[in-house]
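Numbering (this note's numbering), first residue to last: 334 to 726.
Don't be surprised by glycine CBs; every beta carbon is placed ideally from N, CA and C.
Model, not experiment: these values are computed from the prediction.
Take a look at the structure set out below.
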Amino acid sequence: MSGPLAGVRVLDLTRLFPGNYCTWLLSSMGADVVKVEDPGAGDYMRDFGEQVDGQGGYNHLVNRGKRSVVADLKTPEGVEILLRLVDSADVLVESFRPSVMERLGVGYDTLRARRPQLVYANISGFGPAGPYADRAGHDLNYLAFSGLLDRLGPAGGDPVVPPVAVSDLVGGGLNTAVAVLGMLVRARSAGVGGRVDTALAEGVALMPGNLMADLLSGVPQPGRGGGQYAGGSAAYNVYALADGHVTVGAVEPQFWARMCELLELPELAGARDDPAADGMIRERLTARFAGLTREQAARLFADADACVEVVQSYEEMLASEQAAAAGYLRRLDGVSMPLLAPPFLLDGARPPETVRAPHQGEHSAEILREAGYPADEIERLMSERIAAPRKAR
Numbered sequence: 334m335s336g337p338l339a340g341v342r343v344l345d346l347t348r349l350f351p352g353n354y355c356t357w358l359l360s361s362m363g364a365d366v367v368k369v370e371d372p373g374a375g376d377y378m379r380d381f382g383e384q385v386d387g388q389g390g391y392n393h394l395v396n397r398g399k400r401s402v403v404a405d406l407k408t409p410e411g412v413e414i415l416l417r418l419v420d421s422a423d424v425l426v427e428s429f430r431p432s433v434m435e436r437l438g439v440g441y442d443t444l445r446a447r448r449p450q451l452v453y454a455n456i457s458g459f460g461p462a463g464p465y466a467d468r469a470g471h472d473l474n475y476l477a478f479s480g481l482l483d484r485l486g487p488a489g490g491d492p493v494v495p496p497v498a499v500s501d502l503v504g505g506g507l508n509t510a511v512a513v514l515g516m517l518v519r520a521r522s523a524g525v526g527g528r529v530d531t532a533l534a535e536g537v538a539l540m541p542g543n544l545m546a547d548l549l550s551g552v553p554q555p556g557r558g559g560g561q562y563a564g565g566s567a568a569y570n571v572y573a574l575a576d577g578h579v580t581v582g583a584v585e586p587q588f589w590a591r592m593c594e595l596l597e598l599p600e601l602a603g604a605r606d607d608p609a610a611d612g613m614i615r616e617r618l619t620a621r622f623a624g625l626t627r628e629q630a631a632r633l634f635a636d637a638d639a640c641v642e643v644v645q646s647y648e649e650m651l652a653s654e655q656a657a658a659a660g661y662l663r664r665l666d667g668v669s670m671p672l673l674a675p676p677f678l679l680d681g682a683r684p685p686e687t688v689r690a691p692h693q694g695e696h697s698a699e700i701l702r703e704a705g706y707p708a709d710e711i712e713r714l715m716s717e718r719i720a721a722p723r724k725a726r
């Protein structure tokens, strides 16, 4: 492995999207990520969505670049496997409910005593404190709690379900990865690890934004679709074209002026900052955009700094010149579908591709050898399904 995290070993005990995304981000920067899975279902992320080369497409996106070992943590031998792996690990990420790891005998205090420099991260729905600590949920439930879902949608309409898992991505994936990296810096410099707790609900509930800033400042809140940057302003909105939609984000005066010039609506240039004129502006823009096709709008604003962009589908985005030039997609040996590249550049380039997502327990023998197990013991642990799945997937 190469990259800024080369030499860092991460034990991934998570299932499903949040933890897998977190550890994939670490893997994409060079960390050796070892998925530690139970011998039963393992990480059933593999079963989600369209099956490609024997695994779900979603799984190919967030579990590639990792290795998999099976360890039955409900047995003493399985616990011993994890403890031996911890001896050479820098980070452990798990997504069990509070107290599960303690009941298994491998809680934070136990692991910290064994390896003081370990960075231990737990991802849960609502975090370790409060009356919701043990409450079950999924992304949509956390969005409902956070207040964000209440603001998604048009004025007078129902809340709109977002097509991506916002709390999973932010609260579970990004926030955890950032906190782990911060603690890892301390562990490397001072030899002292620590604990990270992230909550899916908090990732959205504590996400700063204009509405939240106004709320905390004591400003009365508009309803759904009424915030300045949430559908309540003609200068920051979506308009229908003859065959699609276009976005206007002309917040700054120079962008607004340029847009009005290109649309041949000079009467709007000086009216943007007049709240009483918002209805008139919206009416004029609605009529003007309705007379343009997507192609005409794209051509009109192609080389203009006006903060106007035609709404694309996922398919159009991936087929765009920008996606091709920036390298949004890549291919990987052993995977017949294209994959999304890491969403960042390191030293001017995207991190290189690694290996396909592992099958459950695919690297058990290899990882046990690295942990010091002799060949006969590895054979026994795998034959007794302590370190191998109970059934082929």
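Legend entry - C-alpha gap between D709 and P372, whole angstroms: Within the sequence shown, numbered from 1, the residue matching residue 709 stands at position 376. Within the sequence shown, numbered from 1, the residue matching residue 372 stands at position 39. Cα atoms of D709 and P372: separation of roughly 20 Å, rounded to the nearest angstrom.
Legend entry - In DSSP terms, what Y453 is bridged to: Taking the sequence shown and counting its residues from 1, one reaches residue 453 at position 120. Under DSSP, the beta-bridge partners assigned to Y453 are L425 and R528.
Legend entry - N- and C-terminal bounds of the beta strand (DSSP E) containing A573: As a first step, residue 573 is located in the sequence shown; it is residue number 240 there, counting from the start. Start and end: Y569 to A573.
Inset, instruction - Indicate whether P366 and G398 have their beta-carbon atoms separated by less than 8 Å. - result: On the sequence shown, position 33 is the one that residue 366 refers to. On the sequence shown, position 65 is the one that residue 398 refers to. Looking at the sequence itself, residue 366 is Val, so the reference to Pro does not match. Result yes, Cβ atoms of V366 and G398 sit closer than 8 Å.
Inset, instruction - Tell me where the alpha helix (DSSP H) around M516 begins and ends. - result: Within the sequence shown, numbered from 1, the residue matching residue 516 stands at position 183. Residue range N508 to A523 is occupied by the alpha helix (DSSP H) that includes M516.
Legend entry - Runs of beta strand (DSSP E) wholly within the segment 653–705 (minimum 3 residues, chain order): Complete beta strand (DSSP E) runs here, min 3: 662–665 and 668–673.
Inset, instruction - Put T347 into one of helix, strand or coil per three-state DSSP. - result: Here the question's residue 347 lines up with position 14 in the sequence shown. Correct three-state label for T347: coil.
Inset, instruction - Let me know the secondary structure DSSP gives T408 once reduced to three states. - result: In the sequence shown, the residue the question calls residue 408 occupies position 75. Three-state result, T408: coil.
Inset, instruction - State the beta-bridge partners of V644 as determined by DSSP. - result: Taking the first residue of the sequence shown as position 1, residue 644 is located at position 311. According to DSSP, which records beta bridges pairwise, V644 is partnered with nothing at all.
Legend entry - Nearest candidate by alpha-carbon position, reference A563, set A609, M613, A610 and L485: Residue numbering aside, residue 563 sits at position 230 when the sequence shown is read from its first letter. In terms of Cα proximity to A563, the closest of A609, M613, A610 and L485 is L485.
Inset, instruction - Check whether the Cβ atoms of V369 and T356 sit closer than 8 Å, and answer yes or no. - result: Residue numbering aside, residue 369 sits at position 36 when the sequence shown is read from its first letter. Residue numbering aside, residue 356 sits at position 23 when the sequence shown is read from its first letter. Judged by beta-carbon spacing, T356 lies beyond the 8 Å limit of V369, meaning their Cβ atoms are not closer than that value.
Inset, instruction - Note the first and the last residue of the continuous beta strand (DSSP E) segment covering T580. - result: Position 247 of the sequence shown, counting from 1, holds the residue named residue 580. For T580, the enclosing beta strand (DSSP E) starts and ends at H578 to G582.
Legend entry - In chain order, each beta strand (DSSP E) run of at least 3 residues that lies wholly inside the segment 339–392: Runs of the beta strand (DSSP E) inside the segment 339–392: 342–345 and 365–370.
Inset, instruction - May I ask you to verify whether the segment 523–542 touches the segment 443–457, counting CB pairs closer than 8 Å and requiring at least 3? - result: These segments touch.
Inset, instruction - Would you kindly work out how many angstroms separate the C-alpha atoms of G612 and D467, rounded to a whole number? - result: As a position in the sequence shown, residue 612 is number 279, starting the count at 1. As a position in the sequence shown, residue 467 is number 134, starting the count at 1. Here the alpha carbons of D467 and G612 stand approximately 47 Å from one another.
Legend entry - For F588 and A639, believed in contact at Cβ under 8 Å, the rounded distance: As a working note, residue 639 is residue 306 in the sequence shown. As a working note, residue 588 is residue 255 in the sequence shown. Contact holds; Cβ gap of about 5 Å.
Inset, instruction - Determine the contact status of L488 and G542, defining contact as a CB-CB distance below 8 Å. - result: Within the sequence shown, residue 488 is the residue found at index 155, counting from 1. Within the sequence shown, residue 542 is the residue found at index 209, counting from 1. Contrary to the premise, residue 488 reads as Ala rather than Leu in this sequence. Taking 8 Å as the Cβ cut-off, A488 and G542 do not qualify as a contacting pair.
Inset, instruction - On the DSSP bridge assignment, give the partners of V402 in chain order. - result: Here residue 402 refers to the residue found at position 69 of the sequence shown. Paired residues: V369.
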